[in-house]
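Visitor: According to the numbering used here, the sequence shown is numbered sequentially starting from 1. Note that beta-carbon positions come from the ideal geometry of N, C-alpha and C, so glycine has one too.
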Amino acid sequence: MRIVSLLPAATEICFALGVGEDVVGVSPECDFPPAARGKPVVSRTLLEYEGKSSGETSRMVGERMANGEALYQVDEPSLRAAKPDLILTQGLCEVCAPTLGDVEEVARRLPSPPEIVSLDPHRLEDVLSDIAQVARACGTEDRADALIAALRARIDRVARRAAHATVRPKAVCLEWLAPLFLGGHWVPEMVDLAGGVDVLGRAGEKSRRIEAEEIVMAPSLFPRTPKRNDAERWVG
1 MRIVSLLPAA TEICFALGVG EDVVGVSPEC DFPPAARGKP VVSRTLLEYE GKSSGETSRM
61 VGERMANGEA LYQVDEPSLR AAKPDLILTQ GLCEVCAPTL GDVEEVARRL PSPPEIVSLD
121 PHRLEDVLSD IAQVARACGT EDRADALIAA LRARIDRVAR RAAHATVRPK AVCLEWLAPL
181 FLGGHWVPEM VDLAGGVDVL GRAGEKSRRI EAEEIVMAPS LFPRTPKRND AERWVG
C-alpha cells in the first residue's frame, strides 16, 4: 500500500503501526518520528509566517479567510508522483492543514482516486479510535489492538497516580497567544486525568478565543502550548 499522510498525528500513527515504509508523502509538519523527515512533502502552507508573531500570523489568516483564500495547498504534481492508495487527512482544523474539501478535489483528479480517511477527534477516546480507523484502512488491526492497549495502560497509570494527589492545581491551557485561544477538545480531559483542573476549558469542546479578563481564577499552573516556536516570540 502507498500512503500519503497530510497530518503529523496520522504519520506518527502509521509508523507506530509498522507501516512507515509504506508512507510515500507527508506534510511539512510531519517531523516525527525522525524517519518521517525524509519522506517527500506533498503539501505546503500559503502563509509566510516565518519570523512573524502570533498576532501578525492571526491577521494574515483572518485576511485570507475573509477573502475566501486557502491557507494550505496540496501539491498536485507531487501527489500524482506519490501514486497514493490511501490519503490520511483531518477535518478538525481548517487553519492547520489542507481542508478535507481541497484534498478530495485534488484526489478526484488523480488517475486512480485513492481512499481518503479523515480524522476528527474531540475527546481522548476519539484519539484512540482514530488509531483503529487508520489501522483498518492499512489492514493492521492486530497491531492497533496492542498499541491502543498500551496507550490505555499509560493513561490509567497517570490517572491512578493523580488520584492520590492532595491538591488539584488550577490551570489555563493556551494554544495561541495573540489573540488568546484556549486549548480545547481533549486537552481539558488530559489536565483532569493528570490531577489538575482546567478552569476555562471544557472537554470535547472546540478551542475558543478568550479575553485576558476571563482568566480570573488565579491558576497555579499556566501551561502554554503555542503551535510553533517559543511563546515569547509569538506574542505580538
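Any idea if Val167 is buried or exposed, counting beta-carbon neighbours within 10 angstroms, 16 or more meaning buried?
Guide: Taking the first residue of the sequence shown as 1, we reach residue 167 at position 167. Exposed, since its Cβ has fewer than 16 Cβ neighbours within 10 Å.
Visitor: Going by Cα to Cα distance, which pick from Tyr72, Leu147, Gly91, Glu21 is closest to Tyr49?
Guide: Mapped onto the sequence shown, residue 49 falls at position 49. Of Tyr72, Leu147, Gly91, Glu21, the residue nearest in Cα terms is Tyr72.
Visitor: In the DSSP output, what is Tyr256 paired with across the bridge?
Guide: Since the first and last residues shown for the chain are 1 and 236, residue 256 lies out of range.
Visitor: Return helix, strand or coil for Arg209, following the three-state DSSP convention.
Guide: One-based indexing of the sequence shown puts residue 209 at position 209. In this structure, Arg209 counts as strand in the three-state DSSP scheme.
Visitor: Under 8 angstroms by Cβ, that's how I've got Val4 and Val24 pegged, so tell me the actual separation to the nearest angstrom.
Guide: The sequence position of residue 4 within the sequence shown is 4, counting from 1. The sequence position of residue 24 within the sequence shown is 24, counting from 1. At roughly 6 angstroms, the Cβ-Cβ gap stays under 8 angstroms, so Val4 and Val24 are in contact.
Visitor: Could you tell me if Val235 is buried or exposed, where buried requires 16 or more neighbouring beta carbons within 10 angstroms of its beta carbon?
Guide: Indexing the sequence shown from 1 puts residue 235 at position 235. A caution first: Val235 carries a pLDDT of 46, below 50, which makes its placement in the model unreliable, though a value can still be read off. Val235 is exposed by the Cβ-count criterion.
Visitor: What residue does the alpha helix (DSSP H) around Phe15 start on, and which one ends it?
Guide: Position 15 of the sequence shown, counted from the start, is the residue given in the question as residue 15. 8 to 16 is the extent of the alpha helix (DSSP H) around Phe15.
Visitor: Go to Ser5, then tell me how far its beta strand (DSSP E) extends in each direction, as first and last residue.
Guide: As a first step, residue 5 is located in the sequence shown; it is residue number 5 there, counting from the start. Element bounds for Ser5: 3 to 5.
Visitor: Is it right to say Asn229 is buried, meaning 16 or more other beta carbons lie within 10 angstroms of its own, or is it exposed?
Guide: On the sequence shown, position 229 is the one that residue 229 refers to. Because the pLDDT of Asn229 is 49, which lies under 50, any placement of that residue in the model is unreliable, and the question is left without a value.
Visitor: Checking the sheet assignment: what are the DSSP bridge partners for Phe237?
Guide: Residue 237 cannot be examined here, being either before or after the span of the chain that is shown, 1 to 236.
Visitor: To the nearest angstrom, report how far apart Met1 and Asp192 are at their CA atoms.
Guide: Counting from 1 along the sequence shown, the entry for residue 1 is found at position 1. Counting from 1 along the sequence shown, the entry for residue 192 is found at position 192. Near 39 angstroms, if we compare the C-alpha coordinates of Asp192 and Met1.
Visitor: Could you round the C-beta distance between Asp130 and Leu92 to whole angstroms and report it? I think they count as a contact, below 8 angstroms.
Guide: Locating residue 130 in the sequence shown gives position 130, where the first residue counts as 1. Locating residue 92 in the sequence shown gives position 92, where the first residue counts as 1. No, Asp130 and Leu92 are not in contact; Cβ-Cβ is about 10 angstroms, not under 8 angstroms.
Visitor: Quick one: which unbroken beta strand (DSSP E) runs of 3-plus residues sit fully inside the region 109 to 139? Chain order, please.
Guide: DSSP runs (the beta strand (DSSP E)) wholly in the region 109 to 139: 115 to 119.
Visitor: Look at the alpha carbon of Ala137 and the alpha carbon of Arg64, and state the distance between them as a whole number of angstroms.
Guide: Along the sequence shown, read from residue 1 onward, the residue named residue 137 stands at position 137. Along the sequence shown, read from residue 1 onward, the residue named residue 64 stands at position 64. Those two C-alpha atoms are separated by around 34 angstroms.
Visitor: Counting pairs of beta carbons, one from the region 43 to 63 and one from the region 17 to 31, are three or more of them closer than 8 angstroms?
Guide: Verdict: yes, contact present.
Visitor: Taking the CB atoms as reference points, tell me whether Ser58 and Leu177 lie closer together than 7 angstroms.
Guide: Translated into the one-based positions of the sequence shown, residue 58 becomes position 58. Translated into the one-based positions of the sequence shown, residue 177 becomes position 177. Not closer than 7 angstroms, so no.
Visitor: Which residues mark the beginning and the end of the beta strand (DSSP E) in which Gly25 is found?
Guide: On the sequence shown, position 25 is the one that residue 25 refers to. Gly25 -> beta strand (DSSP E) spans 23 to 26.
Visitor: Give me the Cα-Cα distance between Leu151 and Val106, rounded to the nearest whole angstrom.
Guide: Translated into the one-based positions of the sequence shown, residue 151 becomes position 151. Translated into the one-based positions of the sequence shown, residue 106 becomes position 106. Looking at the two C-alpha atoms, the distance is approximately 35 angstroms.
Visitor: Which one of Arg161, Glu69, Gly204 has the shortest CA to CA distance from Leu182?
Guide: Counting from 1 along the sequence shown, the entry for residue 182 is found at position 182. Measuring from the Cα of Leu182, the nearest candidate turns out to be Gly204.
Visitor: Go ahead and pull the three-state DSSP assignment for Val187.
Guide: In the sequence shown, counting from the first residue as 1, residue 187 sits at position 187. Helix, per DSSP.
Visitor: With a cut-off of 8 angstroms on the beta carbons, I'd call Leu6 and Pro98 a contact; round off their distance for me.
Guide: Residue mapping note: residue 6 aligns to position 6 of the sequence shown, counting from 1. Residue mapping note: residue 98 aligns to position 98 of the sequence shown, counting from 1. About 6 angstroms separates the two Cβ atoms, so the contact holds.
Visitor: Please check the pair Arg123 and Glu189, which I expect to be a contact at CB under 8 angstroms, by giving their CB distance rounded to whole angstroms.
Guide: Here residue 123 corresponds to residue number 123 of the sequence shown, with the count starting at 1. Here residue 189 corresponds to residue number 189 of the sequence shown, with the count starting at 1. Contact flag correct, Cβ pair sits at about 6 angstroms.
Visitor: Along the chain, where does the alpha helix (DSSP H) containing Ile148 start, and where does it finish?
Guide: Along the sequence shown, one-based indexing puts residue 148 at 148. Note, Ile148: alpha helix (DSSP H), 141 to 163.
Visitor: Candidates Ala66, Gly20, Arg109, Gly62: which alpha carbon is nearest Ala81's?
Guide: Taking the first residue of the sequence shown as position 1, residue 81 is located at position 81. Taking only the C-alpha atoms, the option nearest Ala81 is Arg109.
Visitor: Around the C-beta of Glu29, are 16 or more other C-beta atoms found within 10 angstroms, so that it is buried, or is it exposed?
Guide: For the purposes of this step, residue 29 is identified with residue 29 of the sequence shown, where counting begins at 1. The residue in question, Glu29, is buried, as its Cβ has 16 or more Cβ neighbours within 10 Å.
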